[in-house]
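**Student:** As you go down the protein sequences, you meet chains A and B in turn.
Its first residue numbered 1, the first sequence is counted upward by one per residue in the numbering used here.
Its first residue numbered 1001, the second sequence is counted upward by one per residue in the numbering used here.
By construction, the Cβ of each residue, glycine as well, lies at the ideal position given by its N, Cα and C atoms.
None of the values given here were measured: they were computed from a predicted structure.
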Amino acid sequence: MKTTKEEYKKLAKDNTPRSPVLRDCVFAFLFGGAICSVGQALLGLFKALGAEEETAKTLVPCTLIFITVWLTGFGIFDRIARYAGAGTLVPITGFANAVVSPAIDNKAEGWVPGVGTKIFSVAGPVILFGTLASVVWGVVYYVMTCVMK
Amino acid sequence: MSVITLKKPVRIISSASVVGRHEHAGPLGGLFDFWDADDAFGMDTWEHAEAEMQRMALTFALNKYGADDRAIDAVFAGDLMNQCTSSSYGLLPFDIPYFGLYGACSTAVEGILLASLLIDGGHFSRIASVVSSHNCTAERQYRTPIEYGSLRAQTSQWTVTGAGAVILADGGDGAKVEKLLPGRTFDLGINDPADMGAAMAPAAADTLSRYFRETGTLPRDVGKIVTGDLGFRGYEMMVELMHREGYDVTNNYTDCGMLIYNREKADVHSGGSGCGCSAVVFASHFLRELNEGRLDSMLLIGTGALMSPLTVAQGDSIPAVAHLAKVVR
Chain A
1 MKTTKEEYKK
11 LAKDNTPRSP
21 VLRDCVFAFL
31 FGGAICSVGQ
41 ALLGLFKALG
51 AEEETAKTLV
61 PCTLIFITVW
71 LTGFGIFDRI
81 ARYAGAGTLV
91 PITGFANAVV
101 SPAIDNKAEG
111 WVPGVGTKIF
121 SVAGPVILFG
131 TLASVVWGVV
141 YYVMTCVMK
Chain B
1001 MSVITLKKPV
1011 RIISSASVVG
1021 RHEHAGPLGG
1031 LFDFWDADDA
1041 FGMDTWEHAE
1051 AEMQRMALTF
1061 ALNKYGADDR
1071 AIDAVFAGDL
1081 MNQCTSSSYG
1091 LLPFDIPYFG
1101 LYGACSTAVE
1111 GILLASLLID
1121 GGHFSRIASV
1131 VSSHNCTAER
1141 QYRTPIEYGS
1151 LRAQTSQWTV
1161 TGAGAVILAD
1171 GGDGAKVEKL
1181 LPGRTFDLGI
1191 NDPADMGAAM
1201 APAAADTLSR
1211 YFRETGTLPR
1221 DVGKIVTGDL
1231 GFRGYEMMVE
1241 LMHREGYDVT
1251 NNYTDCGMLI
1261 YNREKADVHS
1271 GGSGCGCSAV
1281 VFASHFLREL
1291 NEGRLDSMLL
1301 IGTGALMSPL
1311 TVAQGDSIPA
1321 VAHLAKVVR
């Protein structure tokens, strides 16, 4: 073949169709903003129903997670996320979907080799490195508070 | 390896295709033999559904030919699953000697090629070739969980839910396999699993340009040039690579991955892919065109990307292979 590896990689790169970045950003802003607004409305609702501030703040993510799990289970979430992108990924909805979708996917392989083994196959890195980052930040925080004294 | 001209043309005496709902909704929807509204084909898991599609495709092909499995000397079958289980489980009910093949999405043509050679060699009279892919089994094995929500890359393709079966024989009626050219594995350094069209185009261009050089023919000497599943992205790359080899294929070149879906409506980005893509488009559309006299000849080029999720995770680039069969009226 007359085309070399380097030439072809350049050709493929130069001709890669671009993602519609502006559209993706607008959709992410609208969907992400809508989810956060729903969260804020839920906070107001729970407080109006008589919940303490702290309790209401716990109930909001619980509700959003429940809705996400429900939408994922009925095969609706991924259809929204196909347009919403980061708008559904960044809020807690993305994390809930990342945990529940492999759990549903691997149900046929049983509770232990299927659901149990695979449930964190997507969210695992977030949990691991999130925990690690919080430990590192905890140490930084501790050192800073010692120095500030 | 040179172009093989069969001593006596091998006939494709029967064919059948089974697809899912998205494929049925596409421009070729009315040509498929069977489609299932929920892609499950009455089964409890996606893997069982894909196996069931293979069983159905071969059953329909046998029924159209008016024979039972005892009339078939061997079956060549393949799919995209680990250990090709859709093929082995799906074809379990048949009393036919079984050969499992893996050529990724090139398997449909690989099966036709090997079957034609064995029939040409005289040891077999009738061989069935069956392949399948299922969007949900492929998503699970190669990508993310089915219900995981994310944006897809513009170069990504949609794995076809479909199974195609053809029966090849040393006599009878039907389109003829006339020439064959086995492909070489080829890797020009693409390592993005969401860009398989670009990864496979060099293999297809290598096989097709070798075919033209060795036979001394030009693209215009054949009715249609059809690749398996390069999609819209791979089509562009293929046209450019062929241009650099000195051949203009723009007049009569198309790709099964571009034909199977309504691009905008189905939201499939670069088009269809998977073993089932070339198999069902060939079995339903192109064989019909040949048998009903609207097409004289075609070069069918099965294109397969030969990576696994493991090699992708380890950063390896994606090798590909492309086998060619010239099928004439």
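1) Determine, using beta carbons only, whether S1125 of chain B and A1165 of chain B come nearer to each other than 8 Å.
2) Kindly indicate which three-state DSSP category F1034 of chain B falls into: helix, strand or coil?
3) Can you tell me whether F120 of chain A is helix, strand or coil according to DSSP?
4) State whether the stretch 1292 to 1300 of chain B contacts the stretch 1262 to 1275 of chain B, with contact taken as three or more CB pairs (one from each stretch) at a distance under 8 Å.
5) Using the Cα positions of G1090 of chain B and M1053 of chain B, report the straight-line distance between them to the nearest angstrom.
6) Quickly, what does DSSP pair S1129 of chain B with across the bridge? List them, please.
7) Between which residues of its own chain and L1031 of chain B is the CB-CB distance below 6 Å, once the five residues before and five after are set aside?
8) Grab the span of the alpha helix (DSSP H) containing A184 of chain A for me, first residue to last.
9) What span of residues does the beta strand (DSSP E) with M1298 of chain B cover, start to end?
10) Thinking C-beta only, is A1204 of chain B closer than 8 Å to T1185 of chain B?
11) Do three or more CB pairs link the stretch 33 to 48 of chain A to the stretch 1271 to 1282 of chain B at distances below 8 Å?
12) Please report the residue range of the alpha helix (DSSP H) in which D1255 of chain B lies.
13) Using a C-beta to C-beta distance shorter than 9 Å, which residues of chain B count as neighbours of T3 of chain A?
14) Start and end of the beta strand (DSSP E) containing F1099 of chain B?
15) For S1087 of chain B, does the three-state DSSP call read helix, strand or coil?
16) In chain order, what residues of the same chain have a beta carbon less than 6 Å from the beta carbon of G1197 of chain B, not counting five sequence neighbours either side?
17) So within the stretch 1131 to 1201 of chain B, which uninterrupted alpha helix (DSSP H) runs reach at least 4 residues, ignoring any that extend past its ends?
18) Assign V1226 of chain B to one of three DSSP states: helix, strand, or coil.
19) What are the residues in the stretch 1297 to 1313 of chain B lying within 8 Å of chain A by C-beta distance?
20) For Y8 of chain A, would you say it is in contact with chain C, using Cβ-to-Cβ distances shorter than 8 Å as the test?
21) Output, in chain order, the set of chain A residues within a Cβ distance shorter than 7 Å of R1140 of chain B.
22) Does any residue of chain B bring its CB to less than 8 Å from the CB of T16 of chain A?
23) By DSSP, does P1009 of chain B sit in helix, in strand, or in coil?
24) Would you mind giving the Cβ-Cβ distance between I1301 of chain B and A12 of chain A, rounded to the nearest angstrom? I have them listed as a contact below 8 Å.
25) Unbroken beta strand (DSSP E) runs of length 3 or more, entirely within the stretch 60 to 144 of chain A: which are they?
26) Which residues in the same chain as A1040 of chain B place their Cβ atom closer than 6 Å to its Cβ, once the five residues preceding and following it in sequence are excluded?
27) What do you reckon, are the CB atoms on I1146 of chain B and D105 of chain A nearer than 8 Å?
28) Hey, P17 of chain A and T1155 of chain B: beta-carbon distance below 8 Å or not?
29) Would you say V122 of chain A faces chain B, with C-beta separation under 8 Å as the test?
30) Along the chain, where does the beta strand (DSSP E) that runs through A51 of chain A open and close?
31) What whole-angstrom Cβ distance do P1009 of chain B and V1177 of chain B have, given they're in contact under 8 Å?
32) Using CA atoms only, rank isn't needed, just tell me which of B:F1094, B:K1007 and B:M1237 is closest to E7 of chain A.
33) Give me whichever residues DSSP pairs with A1016 of chain B in a beta bridge.
34) For E1264 of chain B, count neighbouring Cβ atoms within 10 angstroms of its own Cβ and tell me buried if that reaches 16, exposed if not.
35) Could you tell me which residues DSSP puts in a beta bridge with G1272 of chain B?
36) Cutting at 6 Å between CB atoms, please list the residues of its own chain near G1162 of chain B, excluding the five before and the five after it.
**Tutor:** Inspection of the coordinates gives the following:
1) Counting from one through the second sequence, the residue named residue 1125 of chain B turns up at place 125. Counting from one through the second sequence, the residue named residue 1165 of chain B turns up at place 165. No. Outside cutoff.
2) Within the second sequence, the letter at position 34 stands for residue 1034 of chain B. Three-state result, F1034 of chain B: strand.
3) Reading the first sequence from its first residue, position 120 is the one you call residue 120 of chain A. Reduced to three states, the DSSP call for F120 of chain A is coil.
4) no
5) Counting from one through the second sequence, the residue named residue 1090 of chain B turns up at place 90. Counting from one through the second sequence, the residue named residue 1053 of chain B turns up at place 53. In a straight line, the C-alpha of G1090 of chain B is about 7 Å away from that of M1053 of chain B.
6) Residue numbering aside, residue 1129 of chain B sits at position 129 when the second sequence is read from its first letter. Per DSSP, B:F1076 and B:V1166.
7) Here residue 1031 of chain B refers to the residue found at position 31 of the second sequence. Excluding positions up to five away in sequence, the list reads S1284 and H1285.
8) The structure shown does not extend to residue 184 of chain A, since chain A spans only 1 to 149, so no value can be given for it.
9) If you number the second sequence from 1, residue 1298 of chain B lands on position 298. Its beta strand (DSSP E) spans residues S1297 to A1305.
10) Start at 1 with the first residue of the second sequence, and residue 1185 of chain B comes out as number 185. Start at 1 with the first residue of the second sequence, and residue 1204 of chain B comes out as number 204. No. Outside cutoff.
11) no
12) Along the second sequence, read from residue 1 onward, the residue named residue 1255 of chain B stands at position 255. First-last for D1255 of chain B: Y1253 to D1255, but that is the beta strand (DSSP E), not the alpha helix (DSSP H).
13) For the purposes of this step, residue 3 of chain A is taken as the residue at position 3 of the first sequence. Residues of chain B passing the Cβ test: L1188, P1202, A1205, E1240, L1241, R1244 and E1245.
14) Position 99 of the second sequence, counting from 1, holds the residue named residue 1099 of chain B. Per DSSP, F1099 of chain B belongs to the beta strand (DSSP E) from Y1098 to L1101.
15) Taking the second sequence and counting its residues from 1, the one referred to as residue 1087 of chain B is at position 87. Three-state DSSP puts S1087 of chain B in a helix.
16) Within the second sequence, the letter at position 197 stands for residue 1197 of chain B. Excluding positions up to five away in sequence, the list reads L1230, G1231, R1233, G1234 and S1270.
17) Whole alpha helix (DSSP H) segments, 4+ residues: 1135 to 1142.
18) The count along the second sequence starts at 1 and reaches residue 1226 of chain B at position 226. In this structure, V1226 of chain B counts as strand in the three-state DSSP scheme.
19) none
20) In the structure shown, chain C does not exist; the protein chains are A and B.
21) Within the second sequence, residue 1140 of chain B is the residue found at index 140, counting from 1. By Cβ distance, chain A contributes D105.
22) As a working note, residue 16 of chain A is residue 16 in the first sequence. Yes, T16 of chain A lies at the interface with chain B (some Cβ there is under 8 Å from its Cβ).
23) By 1-based counting over the second sequence, the position of residue 1009 of chain B is 9. Strand at P1009 of chain B.
24) As a working mapping, residue 1301 of chain B is identified with position 301 in the second sequence. As a working mapping, residue 12 of chain A is identified with position 12 in the first sequence. No, I1301 of chain B and A12 of chain A are not in contact; Cβ-Cβ is about 19 Å, not under 8 Å.
25) If we require 3 residues or more, the stretch 60 to 144 of chain A turns out to have no beta strand (DSSP E) run fully inside it.
26) Taking the second sequence and counting its residues from 1, the one referred to as residue 1040 of chain B is at position 40. Once the five neighbours on either side are set aside, the close Cβ partners of A1040 of chain B are A1049.
27) Within the second sequence, numbered from 1, the residue matching residue 1146 of chain B stands at position 146. Within the first sequence, numbered from 1, the residue matching residue 105 of chain A stands at position 105. Contact flag set, yes.
28) If you number the first sequence from 1, residue 17 of chain A lands on position 17. If you number the second sequence from 1, residue 1155 of chain B lands on position 155. The beta carbons of P17 of chain A and T1155 of chain B sit closer together than 8 Å.
29) Position 122 of the first sequence, counting from 1, holds the residue named residue 122 of chain A. Output row for V122 of chain A: interface = yes.
30) For the purposes of this step, residue 51 of chain A is taken as the residue at position 51 of the first sequence. Looking at the DSSP string, A51 of chain A is not in any beta strand (DSSP E), and its letter there is neither H nor E.
31) Position 9 of the second sequence holds residue 1009 of chain B. Position 177 of the second sequence holds residue 1177 of chain B. Confirmed, Cβ separation roughly 6 Å.
32) The sequence position of residue 7 of chain A within the first sequence is 7, counting from 1. Answer by Cα proximity: B:M1237.
33) Reading the second sequence from its first residue, position 16 is the one you call residue 1016 of chain B. BP columns for A1016 of chain B point to B:A1165.
34) As a position in the second sequence, residue 1264 of chain B is number 264, starting the count at 1. E1264 of chain B is exposed by the Cβ-count criterion.
35) Position 272 of the second sequence holds residue 1272 of chain B. Paired residues: B:W1158.
36) For this step, residue 1162 of chain B is matched to residue 162 along the second sequence. Answer for G1162 of chain B: V1019, E1023, G1276 and V1280, listed in chain order.
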